Amino acid sequence: MARTTAGGCAQLVALLVVLVVIGNIAAAFGSPMFALLSIAVGAPLFAFKAGKVHREHHERLARARALVMEALDVVFDPALPERDRTRILDALGRGRSPAAHRFVLAAKLPTESRAYVTRARAACETVTGSRVNGMGLLDPLANELVLPQQIWEIARLVRTQAELEAEQRQARRGVVTQELEAVLGPQQEALQRSIGSVAERVRAMEGYARKVEEADAALRARDALRNNDKYLALLAQTDDADGLAALRLQAASAADVLAASVKEAVEAGRTLSLE
């Protein structure tokens with residue numbers, strides 16, 4: 001990447017030198033008009049080339065950052081400014097290890113720990129990609145602030161849990177005495193309680209996503225009712241009075257079902273904890 005950027009800069013310098021030389025030659029031969037014309041033509045060309053090199057440089061940076069993001073599966077603290085995110089990605093791309101308190105490398109987590117992050121993300125994507133969310137029927141606070149914070153907290157917690165589990169395994173190598181077990185036992189219990197808490201958080205997010213899916217299903221049911229006239233006409237032709245009554249009753253209750261489903265989804269989103 002550095003060589004390509006340096007090559008672009010070298011081309012700009014060479015172009016600038018050529019323009020200066022042409023202007024000097026023209027001035028030396030007593031043709032200031034030609035010198036001015038050379039500068040007038042060359043300056044936009046130089047500016048165009050400089051802009052192109054600048055754009056290409058930023059496009060290469062963006063592609064490199066995207067590759068780092070995908071390869072390491074980086075989870076950022078949602079409060080982290082964008083400029084700090086790019087600095088971290090650039091450092092990781094160069095093989096450096098920036099301070100890890102504002103990001104988590106999910107790709108380096110144990111399989112079971114990473115699964116919690118994957119499930120939390122899937123629940124979030126279900127909610128944000130839902131039709132009811134697109135229609136503005138859900139709580140924007142839960143979706144825009146709480147869900148990203150939940151994913152970050154889950155990623156941060158499972159990383160700490162994985163580190164403590166590794167410490168526990170190391171401590172239990174060799175003979176485990178009663179004295180050692182007296183120390184490690186309560187630590188292991190605390191660790192398991194924390195893991196259980198994370199699992200509960202993920203289940204809460206998945207429960208919210210399920211309620212949102214049910215609200216979307218209620219929307220589809222309401223849409224399907226728009227075809228009721230066709231079915232009413234069909235039942236009328238077959239002289240089915242009971243069927244006509246049932247279909248009309250279904251149409252009357254569809255709005256109530258939708259409202260209840262959306263209300264349940266909103267309430268599920270509001271119960272998500274930020275702890």
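If you're matching positions, the sequence shown starts at 1 in my numbering and goes up one per residue. In this text, a Cβ means the ideal position worked out from N, Cα and C, and glycines have one as well. None of the values given here were measured: they were computed from a predicted structure.
A straight-line Cα-Cα distance of about 26 angstroms links E82 and S130. Below 8 angstroms, too few C-beta pairs join the segment 151 to 158 and the segment 180 to 190 to call them touching: fewer than three.
Within the DSSP secondary-structure output, V75 pairs in a beta bridge with V104. The shortest C-alpha to C-alpha distance from A106 to any of R193, A265, G93 and I151 is the one to I151. Going by beta carbons, K211 and A171 fall outside the 7 angstroms limit. In this structure, the beta-carbon distance from S261 to A221 does not fall below 7 angstroms. Burial of L109 is indicated by the presence of at least 16 other C-beta atoms within 10 angstroms of its C-beta. In the displayed model, M135 falls within coil according to three-state DSSP, outside both helix and strand. When only Cα atoms are considered, E125 and E206 end up about 11 angstroms apart. When DSSP states are grouped into helix, strand and coil, T177 belongs to the coil group. When secondary structure is reduced to three states using DSSP, T271 falls in the coil class, being assigned neither helix nor strand. Spatial neighbours of G269 in its own chain (CB-CB distance under 6 angstroms, excluding positions within 5 residues in sequence) are listed in chain order as D139, A142 and Y208. Between the alpha carbons of E213 and E112 lies a gap of roughly 26 angstroms. At a Cβ-Cβ threshold of 7 angstroms, I154 and V127 do not count as neighbours.
Counting the other Cβ atoms within 10 Å of the Cβ of A100 gives fewer than 16, which makes it exposed. Burial of V202 is indicated by the presence of at least 16 other C-beta atoms within 10 angstroms of its C-beta. By the criterion of a C-beta distance shorter than 8 angstroms, L258 is surrounded in its chain by A215, A218, L219, A221 and R222, once the five residues flanking it on both sides are discounted. Counting only residues of its own chain and dropping the five nearest sequence neighbours on each side, V104 has a CB closer than 7 angstroms to the CB of V75, A155, R156 and R159. Going by beta carbons, G93 and A64 fall inside the 7 angstroms limit.
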